[in-house]
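Here the structure comes first, spelled out in structure tokens, and everything after it is commentary.
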Amino acid sequence: MKRFALVIFFVVLLAVGLFADDHDGWGIGTGFYGGYGYGPGLLLKTPVLPLYWGINVSLGGIHGQQSEPYFAVTLSGDYHFLEQNFSKKNDKFGWFLGGGIVFSHSHYDGKSAFAGRIPFGIYFAPIKYFDFVLEFAPEAGFYISADFSTIDTNFGMSGLLGVRYWF
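In my numbering, the protein residues as written are 77 to 243.
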């Protein structure tokens with residue numbers, strides 16, 4: 077419970093004061109996530125905060141232990157510092173670069189990871205209100221073992237391929 081409260085505190089702390097022009101309205105989507113395991117993801121964007129949220133469920137993917145049962149939950153919150161179109165004439169194809177945080181908890185070994193991340197990627201919006209996104213995010217932080225006996229550095233890379241609908 078203490079870990080959950082600490083994570084919520086850091087997410088709220090990061091979110092306070094981040095107001096800027098961005099996609100207007102609500103955004104919701106789904107995608108395939110890879111990083112702390114791999115599996116389906118839910119993508120969210122609210123008009124109140126200019127943050128892109130990701131909630132991912134990993135169903136497999138521990139390096140060197142692929143055959144073992146695995147389940148993890150990953151939460152991420154990103155702010156896009158730069159979001160540009162590749163062409164001034166065409167706003168359907170663009171790129172983004174941002175910063176954010178990620179928290180992951182593995183039910184396989186009980187480890188929890190907390191990291192900063194730098195998401196970057198491209199988006200393509202062929203139809204009004206819909207876009208496709210390809211994102212990569214290098215991450216650096218720490219993990220804590222289930223019994224709090226081990227705290228160590230954690231480096232990784234996550235990726236996402238998804239589709240979003242903008243209200």
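For each residue, glycine too, the CB sits at the ideal point set by N, CA and C.
Computed from a prediction, not measured in an experiment: that's the story for all the values here.
In this structure, L151 sits away from R240, with a CB-CB distance that is not shorter than 8 Å. DSSP places A148 inside the beta strand (DSSP E), whose first and last residues are 148-161. Counting C-beta pairs closer than 8 Å gives three or more between the segment 199-211 and the segment 161-171, which meets the contact rule. Under the 10 Å beta carbon count, A148 is surrounded by 16 or more other beta carbons and is classified as buried. By the C-beta density criterion, S225 is exposed, having fewer than 16 other C-beta atoms within 10 angstroms.
As computed with DSSP, F196 is found in a beta bridge with L173, F212.
Taking a 10 Å sphere around the C-beta of P195, we find 16 or more other C-beta atoms and assign the residue as buried.
In terms of Cα proximity to S188, the closest of L173, L158, F162, D223 is D223. Closest in C-alpha terms to G192, from the list S182, D207, G175, D185, comes G175. K204 and S221 have their alpha carbons spaced roughly 45 Å apart. In this structure, the beta-carbon distance from L135 to G115 falls below 8 Å.
For F190, DSSP records a beta bridge to F179, F218.
L173 sits away from G153, with the two beta carbons spaced by 8 Å or more.
For L237, the enclosing beta strand (DSSP E) has its first and last residue at 227-242. In this structure, DSSP gives K121 an extended state, which the three-state scheme calls strand.
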